[in-house]
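J.:
Number of protein chains: 2
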Amino acid sequence: MPQSLKSPLSPRKTPVQVRSVASVDAILEATIQVLLSVGKERLTTTRVAQRAGVSVGTLYQYFPNKSALLQAALKRHLDEVHNIIVRTCREQEGQTLAQMATVLITAFLRAKMKDVKTSVALYSVSSDVDGAKIVQQSGIRSNKAIAGMLASSSDPLTTDPQLAASMLQGAMVGVSRRLLESTSPEKQFEPLLQELIFLACAYLKACSTRLSV
Amino acid sequence: MPQSLKSPLSPRKTPVQVRSVASVDAILEATIQVLLSVGKERLTTTRVAQRAGVSVGTLYQYFPNKSALLQAALKRHLDEVHNIIVRTCREQEGQTLAQMATVLITAFLRAKMKDVKTSVALYSVSSDVDGAKIVQQSGIRSNKAIAGMLASSSDPLTTDPQLAASMLQGAMVGVSRRLLESTSPEKQFEPLLQELIFLACAYLKACSTRLSV
DNA sequence: TGGTTAGATGAAGAAAGCTTCAGGTTAGGA
DNA sequence: TCCTAACCTGAAGCTTTCTTCATCTAACCA
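Protein chains in written order, with my numbering: chain C, 1 to 213; chain E, 1001 to 1213.
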């Protein structure tokens, strides 16, 4: 009974040895690299494997197909950004709304700017059917974190925290996308950052004085 | 000299007769339809032609390749939205900032909601290399229109109109994307619309009182 | 009505990429 | 040291889709 424990339809392995973990990581990195250099249209599994320094076969040992590969790369990036948001939100609990907005927006835009090209490259993945779902779920999780932070503020907030969080997210994501896709993100960064903070503060202030006097 | 005037490398025709105009239109419509039903990944030129009720050959008579077809469909949609923005901006010249924000945002979100699925379907096209450029250019044109409107306001605006316009656009696009990709856009529409207007008004008001007292 | 151009057709060539699998290599435990 | 399982390899099958072009039809004009 040699191949006893193998289930008939589980062709994809989970890395257990060190080298295989390294392979998976290299493949994911290479995916971004290829996305950057030739774009999603001309990204092929062979090319990714080449760039990763492994063979196609190895790639297919860990990713069932091309789509799953792209999704994994996207998920990885979004998780990083999400973690930054969560960490930032935790640190700001109990603060003023203005303080929250300033720190959150700064952290978010910085994270996106850290590797502009990666973010931009992944936009093409995020627009596919499955990619959109991943983005959406990540957005929902972040929304909860932001709403939780807002609710903990020392200022009174007369608006539904989730709604307010949606507004902040919408503005952040919208402006950051404008920034990333502009011709010179570096030059536009500071003014847009400052103005976005200004916008958020104005909004949150209005939120906290909406019904109270 | 039968084929005298034909330049050697101009295989694509421009519609001159009525039926061909109809064909081009049907093809463009069909492109959206196919995008909707099977997604960009499985969109094929043959499928589009079928849906349009013409043959593939006809399609290739007006679009040099698949990419150009998708771009044309995207451009068409963005132009519609842009025209709405421009028209709205013209109509609001000289008004108060709050009035401008209310009308502009309402018009924009309504336009996007008019056919939610089309907008969403085109996101996948807008993320391709060439699609991004088209989106960017459309955004720049809209930015000018909005900035012009803001500059004409009866209220004082102590902020660079283009910067303020970028903020509004960022927030509008960001929130609308959240809306369109949410699980039930119809239900979220009203609250998000109202809150977005509230945000914009708060921001613009702050802009007009920033340096003056 | 006849000639000329615009428009339409769709089978088939050609290219390209995804994915598999049979066989070789490496690592780690007994 | 030896054996087994994990891991890696990459040529090639298979499918899919883009795009062309030789041919046919419809519209317009003299």
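Here a beta-carbon is modelled for each residue, glycine too, at the ideal position from N, C-alpha and C.
Can you tell me whether DSSP reads S7 (chain C) as helix, strand or coil?
T.: The predicted model places S7 (chain C) with a pLDDT of 33, which falls under 50 and marks its position as unreliable; any figure quoted below should be read in that light. DSSP places S7 (chain C) in coil when its eight states are reduced to three.
J.: Excluding the 5 residues preceding and the 5 following Q92 (chain C) in the sequence, name in chain order all residues of the same chain whose CB lies nearer than 6 Å to its CB.
T.: The residues are M100, V103 and M149.
J.: My guess is that V1048 (chain E) and L1059 (chain E) are in contact by the Cβ rule of under 8 Å, so how many angstroms apart are they, rounded?
T.: Their Cβ separation, rounded to whole angstroms, is 6 Å, which keeps V1048 (chain E) and L1059 (chain E) in contact under 8 Å.
J.: Assuming the contact rule is C-beta atoms closer than 8 Å, I27 (chain C) and I105 (chain C) should be a hit. Round their C-beta distance to whole Å, please.
T.: The Cβ separation is near 34 Å, so there is no contact.
J.: Please report how far the alpha carbon of V86 (chain C) lies from the alpha carbon of K144 (chain C), in whole angstroms.
T.: Rounded to the nearest angstrom, the two C-alpha atoms are 9 Å apart.
J.: Would V1213 (chain E) pass as an interface residue toward chain C - the criterion being a Cβ-Cβ separation below 7 Å?
T.: For V1213 (chain E), the predicted structure reports a pLDDT of 49, less than 50, and the residue's modelled location is therefore unreliable. A value from the coordinates is still provided. Chain C contact via Cβ: absent.
J.: Nearest-angstrom Cα distance between I134 (chain C) and R1177 (chain E)?
T.: One C-alpha to the other measures close to 15 Å.
J.: Determine the chain C residues that contact L1180 (chain E) at a beta-carbon separation under 8 Å, and present them in chain order.
T.: The contacting residues do not exist; L1180 (chain E) stays about 10 Å from chain C at best.
J.: In three-state terms, what does DSSP make of G1053 (chain E)?
T.: The answer is coil: DSSP assigns G1053 (chain E) none of H, G, I, E or B.
J.: List the residues of chain C that L1163 (chain E) touches, going by C-beta distances under 9 Å, in chain order.
T.: Those are P191, L192 and E195, listed as they occur along chain C.
J.: Counting only runs that start and end within the region 1121-1173 of chain E, where is the alpha helix (DSSP H) found for 4 or more residues in a row?
T.: Segments of the alpha helix (DSSP H) lying fully in the region 1121-1173 of chain E: 1129-1151.
J.: Please check the pair L1070 (chain E) and V1116 (chain E), which I expect to be a contact at CB under 8 Å, by giving their CB distance rounded to whole angstroms.
T.: L1070 (chain E) to V1116 (chain E), Cβ: 19 Å. No contact.
J.: Please name the residue, chosen from C:L43, C:G39, C:V175 and C:T159, that lies closest to K66 (chain C) on a Cα-to-Cα basis.
T.: Nearest option by C-alpha distance: C:L43.
J.: Once you ignore the five residues that flank A1107 (chain E) on each side, which residues in its own chain have a CB closer than 7 Å to its CB?
T.: Excluding sequence neighbours, A1107 (chain E) sits near I1084 and T1088.
J.: Which ranges would you report for the alpha helix (DSSP H) in the region 185-213 of chain C if only whole runs of at least 4 residues count?
T.: Complete alpha helix (DSSP H) runs here, min 4: 185-209.
J.: What are the start and end residues of the alpha helix (DSSP H) that includes T1088 (chain E)?
T.: Here the alpha helix (DSSP H) through T1088 (chain E) covers K1066 to E1091.
J.: Flag A171 (chain C) as yes if its beta-carbon sits less than 7 Å from any beta-carbon of chain E, otherwise no.
T.: Yes, contact with chain E.
J.: Output the distance between the C-alpha atoms of V1034 (chain E) and D128 (chain C), rounded to the nearest integer angstrom.
T.: Straight-line Cα distance between these residues: approximately 14 Å.
J.: Rounded to the nearest angstrom, what separates V1056 (chain E) and D1025 (chain E) at their Cα positions?
T.: Going by the C-alpha atoms only, they are around 15 Å apart.
J.: Y203 (chain C) CB to nearest chain E CB: under 7 Å?
T.: It does; some Cβ of chain E falls within 7 Å.
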